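Asks:
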Amino acid sequence: MGLLSVVLLLLLISVQSCWAQDDPLLPFSEHLDPEQKVRLKWGFDEVQDTILFQLTVNTSGWVGLGFSPKGGMTGADIVIGGVGQDGSYFTDRHAVGNSMPVIDKQQDYKLLSLTESDGQTVMKFQRSIKSCDEYDLPITTLPIKLIYAYGQTDDITYHGTRRGTKEVNLLRYMPRLTPPDSKYFDMIMVNFTVPANQTYYHCKIMRTPDFDQKHHIYRIEPLIQNLDLVHHLLLYRCPPGVTEIYESQCYTRVNSDECMEVVAVWAVGGGAFEFPTVAGLPIGGNVDDVLYRLEVHYNNANKTAGRVDNSGLRFYYTSELRQHDAAVLGTGLVLAPGYGIPPKAKDFFTYGLCDTAYIPQVLSQTQDLQVFSVMLHTHLAGRKVRVGHFRGGKQIDLLAVDENYNFEYQGVTNLGKTKTVKLGDKLLVECTYNTATRTKLTWGGLSTTDEMCLAFLFYYPAMNLTGCMSFPNLTALRTEMGKPDLNNWLFMMSTKTWNDTSINQYQQTLKRIDQFVIVSDSHKNISRNIGKIPDLKVVPSAPCTSGCDSERLAWILLLVSLAVLLAF
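FYI, the numbering for the sequence shown is -20 to -1, 1 to 548, going by mature numbering (1 follows the signal peptide of the UniProt record, and there is no 0).
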């Protein structure tokens, strides 16, 4: 073979490796629906900027997969394909609303194979991770909301109930393993009649099954009987001094706040949660005799009487212990009276500060936190949630972020990689609200129409922490706003004319005043300190690039030039 032939062969190989994609392994897999009729497998190469998908659906009709900014159709980047009478079809589309998605002028998805047999359709395709098309959503290291739909025929019409949404971290996915000795137990309400109240919190103190040794919980699954009533679930571990088993309305009994160490959390739109293989939630052993408090928030919007509920959580556990015990730390804004969000605000910020330098004030043994998952939580006015990470007075990261927060889709999300929070670091939970259509103040509170700003951090190794939060100094706030007296201040807030100027003044005052930073452990030891809200910056996203990096393109051009020279 001559030199020219060798060069041309190298050129061909380089071009193929850049623009063509061999069939790689698909190491990651998720069922997108509870019935396990829709399965997505994928693999990616960040250097080549390619991601490969294989969508398998139990249907002989059309199938569709999309990437959605908020979990619905509007603004979604969608592909639809199938095998019809005239062969296979496949199109890159985008949705402008709850209607037929529009075909993109630029088709950026490449179909690799599309087969249909035995009532199952398998569609394999690839795309660039960072797409430059205005109608294609870039895939980042943050979780992305996947939407799916399918039909029973190849007539692409309304899908009915054959659709769903699931949030997955495609580029930082944690594979799931099921131990051979896997078992489970449930902690649920039993035939509880939901009161005809718009907002009701019910608490039930209970035991877990008896364990002869320590085990690790590796998966938590929601058991929701009434999706229209159950807003969220929390399971707390009680300190050893709690021995009475009972159930009642939450926060109405004496010492009803004793069990405050969160171990599990679920909210509207969330699904099952899997711990990474290095950590698990400890159960049994030295924690065998403790009790747990299950808290269920019922949002009975229509105040319907007589509804019975048996919702709760299922815990999968194993005797094959993982390397670390896991735990949950509540961060954000302390839920206390007196904090109001003004009406007519398009972007109003609230803040909750956690200063980990104060953790040693309540714990004798402390360690850095290895954070692997997070659940972000606001109510109906919430639009964005960010968790800033600060070290040495400087922001070093966004620990977690949801720029398109949707109340209907809340879940515990793997960060994809473990992030280290060193003792002394600060975490700032920033929530953005939109109250443009509201005419009255929105107060912080328990109701769905009230507001919260919380981030539950899943981490290891476990410490006996319950919360690291803050609340603004309301005395300083009232003084700054010119109404030191509490009653006069509440009257002023409720009757004030809110416009862009007054909203901005109130916003800046809230951010400027001191914060009470509160750290608490599971035995109700509390430290109270003063802190200031740091400036949170949005970390810029990487620039949009094509599938081949500049170095490879330069190499290809060099080979082309060499081939031309040798030809003469």
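By construction, the Cβ of each residue, glycine as well, lies at the ideal position given by its N, Cα and C atoms. These numbers were taken from a predicted model, which means no experiment stands behind them.
Return the Cβ separation of residue 46 and residue 124 in integer angstroms, given the expectation that the two are a contact with Cβ distance under 8 Å.
Replies: On the sequence shown, residue 46 is found 66 positions in, with the first residue counted as 1. On the sequence shown, residue 124 is found 144 positions in, with the first residue counted as 1. That belief does not hold up - the Cβ atoms of residue 46 and residue 124 are roughly 10 Å apart, past 8 Å.
Asks: Suppose the cutoff is 6 Å on Cβ atoms and the five residues either side in sequence are ignored; what does the same chain contact list for residue 86 look like?
Replies: For this step, residue 86 is matched to residue 106 along the sequence shown. Only 113 meet the Cβ criterion.
Asks: State buried or exposed for residue 11, treating a residue as buried only when at least 16 other CB atoms are found within 10 Å of its CB.
Replies: Here residue 11 refers to the residue found at position 31 of the sequence shown. Residue 11 should be labelled exposed.
Asks: Taking all protein chains shown into account, do 16 or more other C-beta atoms lie within 10 angstroms of the C-beta of residue 386, making it buried, or fewer, making it exposed?
Replies: The residue labelled residue 386 in the question sits at position 406 within the sequence shown. By the 10 Å Cβ count, residue 386 comes out buried.
Asks: Check residue 3 in the structure and name its three-state DSSP category.
Replies: Within the sequence shown, residue 3 is the residue found at index 23, counting from 1. Residue confidence is low: residue 3 scores 42 on pLDDT, short of 50, so the model does not pin down where it sits. Its coordinate-derived value is still stated next. If DSSP states are grouped into helix, strand and coil, residue 3 belongs with coil.
Asks: Closest by CA to residue 498, which one among 169, 301, 312, 382?
Replies: Numbered from its first residue, the sequence shown carries residue 498 at position 518. Of the candidates 169, 301, 312, 382, the one whose C-alpha sits nearest the C-alpha of residue 498 is 312.
Asks: So who's on the other strand from residue 182, going by DSSP bridges?
Replies: What you label residue 182 is simply residue 202 of the sequence shown in a count that begins at 1. Answer by DSSP bridge pairing, in chain order: 229, 276.
Asks: Can you tell me whether residue 291 is buried or exposed? The criterion is at least 16 other CB atoms within 10 Å of its CB, across all chains shown.
Replies: Reading the sequence shown from its first residue, position 311 is the one you call residue 291. Classification of residue 291: buried, given that the 10 Å Cβ count is 16 or more.
Asks: Report yes if the CB atom of residue 283 is closer than 8 Å to the CB atom of residue 176, and no otherwise.
Replies: Residue 283 sits at position 303 when you count from the first residue of the sequence shown. Residue 176 sits at position 196 when you count from the first residue of the sequence shown. Going by C-beta atoms, residue 283 is nearer than 8 Å to residue 176.
Asks: In chain order, what residues of the same chain have a beta carbon less than 6 Å from the beta carbon of residue 279, not counting five sequence neighbours either side?
Replies: In the sequence shown, residue 279 corresponds to position 299, counting from 1. Taken in chain order, the residues that qualify are 211, 428.
Asks: How many whole angstroms separate the CB atoms of residue 305 and residue 441, which I take to be in contact at a CB cut-off of 8 Å?
Replies: Numbered from 1 along the sequence shown, position 325 holds the residue referred to as residue 305. Numbered from 1 along the sequence shown, position 461 holds the residue referred to as residue 441. Contact between residue 305 and residue 441 holds: their C-beta atoms lie close to 6 Å from each other, under 8 Å.
Asks: Which of the three DSSP states is assigned to residue 538 in this structure?
Replies: Residue 538 sits at position 558 when you count from the first residue of the sequence shown. Only weak support is given to the placement of residue 538: the predicted model assigns it a pLDDT of 43, under 50, and the question is left unresolved by the model.
Asks: Given that a residue counts as buried once 16 or more other Cβ atoms are within 10 Å of its Cβ, and exposed if not, what is residue 281?
Replies: Position 301 of the sequence shown, counted from the start, is the residue given in the question as residue 281. It is exposed - the Cβ of residue 281 has fewer than 16 other Cβ atoms within 10 Å.
Asks: May I ask you to verify whether the segment 209 to 226 touches the segment 188 to 195, counting CB pairs closer than 8 Å and requiring at least 3?
Replies: Between the segment 209 to 226 and the segment 188 to 195, the count of C-beta pairs closer than 8 Å stays below three; the two stretches do not touch.
Asks: Skipping 5 residues on each side, what residues in its chain have a beta carbon closer than 7 Å to that of residue -16?
Replies: Position 5 of the sequence shown holds residue -16. Only weak support exists for where residue -16 lies, its pLDDT of 47 falling under 50; the coordinates are left without a value.
Asks: Assign residue 522 to one of two classes, buried (16 or more other C-beta atoms within 10 Å of its C-beta) or exposed (fewer than that).
Replies: In the sequence shown, counting from the first residue as 1, residue 522 sits at position 542. Any reading at residue 522 must be qualified, since the residue scores a pLDDT of 43, below 50, and its modelled position is unreliable; the value itself is stated next. Counting Cβ neighbours within 10 Å, residue 522 comes out exposed, since fewer than 16 surround it.
Asks: Taking 8 Å as the threshold, find out whether the segment 351 to 362 comes into contact with the segment 482 to 491 through three or more Cβ pairs.
Replies: no
Asks: First and last residue of the beta strand (DSSP E) that includes residue 95?
Replies: Here residue 95 corresponds to residue number 115 of the sequence shown, with the count starting at 1. Per DSSP, residue 95 belongs to the beta strand (DSSP E) from 90 to 97.
Asks: By the three-class DSSP mapping on this structure, what secondary structure does residue 591 have?
Replies: Outside the modelled stretch of the chain, which goes from -20 to 548, sits residue 591, for which no answer is possible.
Asks: Expressed to the nearest angstrom, what Euclidean distance is found between the alpha-carbon atoms of residue 297 and residue 166?
Replies: The residue given as residue 297 occupies position 317 in the sequence shown. The residue given as residue 166 occupies position 186 in the sequence shown. The alpha-carbon atoms of residue 297 and residue 166 are separated by roughly 11 Å.
Asks: Go ahead and label residue 458 buried or exposed: buried means 16 or more other beta carbons lie within 10 angstroms of its beta carbon, across all protein chains shown.
Replies: As a position in the sequence shown, residue 458 is number 478, starting the count at 1. Buried.
Asks: Where DSSP assigns a beta bridge to residue 82, which residues make up the other side?
Replies: By one-based count along the sequence shown, residue 82 stands at place 102. According to DSSP, residue 82 bridges with 74.
Asks: Use the C-beta contact count for residue 495: other C-beta atoms within 10 angstroms, 16 or more gives buried, fewer gives exposed.
Replies: For the purposes of this step, residue 495 is taken as residue 515 along the sequence shown, with counting starting at 1. Residue 495 should be labelled buried.
Asks: Look at the alpha carbon of residue 361 and the alpha carbon of residue 431, and state the distance between them as a whole number of angstroms.
Replies: Reading the sequence shown from its first residue, position 381 is the one you call residue 361. Reading the sequence shown from its first residue, position 451 is the one you call residue 431. Roughly 7 Å between the two C-alpha positions.
Asks: Cutting at 7 Å between CB atoms, please list the residues of its own chain near residue 347, excluding the five before and the five after it.
Replies: Residue 347 sits at position 367 when you count from the first residue of the sequence shown. For residue 347, where only same-chain residues beyond five positions count, the Cβ hits under 7 Å are 441, 443.
Asks: Any chance you could list the beta strand (DSSP E) runs of at least 3 consecutive residues sitting entirely within the segment 239 to 304, in chain order?
Replies: 241 to 247, 259 to 263, 272 to 279, 287 to 289, 292 to 298
Asks: In three-state DSSP terms, what is residue 191?
Replies: Within the sequence shown, residue 191 is the residue found at index 211, counting from 1. The answer is coil: DSSP assigns residue 191 none of H, G, I, E or B.
Asks: For the candidate residues 69, 118, 111, whose alpha-carbon lies nearest to that of residue 102?
Replies: Reading the sequence shown from its first residue, position 122 is the one you call residue 102. When each option's Cα is compared against that of residue 102, the closest is 69.
Asks: What three-state label does DSSP hand residue 482 in the structure shown?
Replies: The residue given as residue 482 occupies position 502 in the sequence shown. Taken through DSSP and simplified to helix, strand or coil, residue 482 comes out as helix.
Asks: What number of angstroms, rounded off, separates the C-alpha of residue 395 from the C-alpha of residue 448?
Replies: Here residue 395 is taken as the residue at index 415 of the sequence shown, counted from 1. Here residue 448 is taken as the residue at index 468 of the sequence shown, counted from 1. Straight-line Cα distance between these residues: approximately 20 Å.
Asks: Can you tell which of 153, 195, 138, 168 has its C-alpha closest to the C-alpha of residue 162?
Replies: Working through the sequence shown from its first residue, we reach residue 162 at position 182. Distances from the alpha-carbon of residue 162 to those of 153, 195, 138, 168 put 195 closest.
Asks: Would you call the segment 323 to 331 in contact with the segment 477 to 484, where contact means no fewer than 3 C-beta pairs closer than 8 Å?
Replies: yes
Asks: Could you pull out every residue in the same chain whose Cβ sits closer than 8 Å to the Cβ of residue 149, ignoring the five residues on either side in sequence?
Replies: For the purposes of this step, residue 149 is identified with residue 169 of the sequence shown, where counting begins at 1. Within the same chain, residue 149 has close Cβ partners 121, 122, 123, 124, 393, 394, 395, 396.
Asks: Could you name the residues of the same chain whose beta carbon sits closer than 6 Å to that of residue 100, not counting the 5 residues immediately before and after it, in chain order?
Replies: In the sequence shown, residue 100 corresponds to position 120, counting from 1. Excluding sequence neighbours, residue 100 sits near 38.
Asks: Note down, in chain order, each residue of its chain lying with its Cβ closer than 7 Å to the Cβ of residue 246, except the 5 sequence neighbours on either side.
Replies: Taking the first residue of the sequence shown as position 1, residue 246 is located at position 266. Spatial neighbours of residue 246 in its own chain (CB-CB distance under 7 Å, excluding positions within 5 residues in sequence) are listed in chain order as 202, 212, 213, 293.
Asks: In the DSSP assignment, the alpha helix (DSSP H) including residue 469 goes from what residue to what residue?
Replies: Residue mapping note: residue 469 aligns to position 489 of the sequence shown, counting from 1. It spans 466 to 475 - the alpha helix (DSSP H) in which residue 469 sits, taken as one unbroken run.
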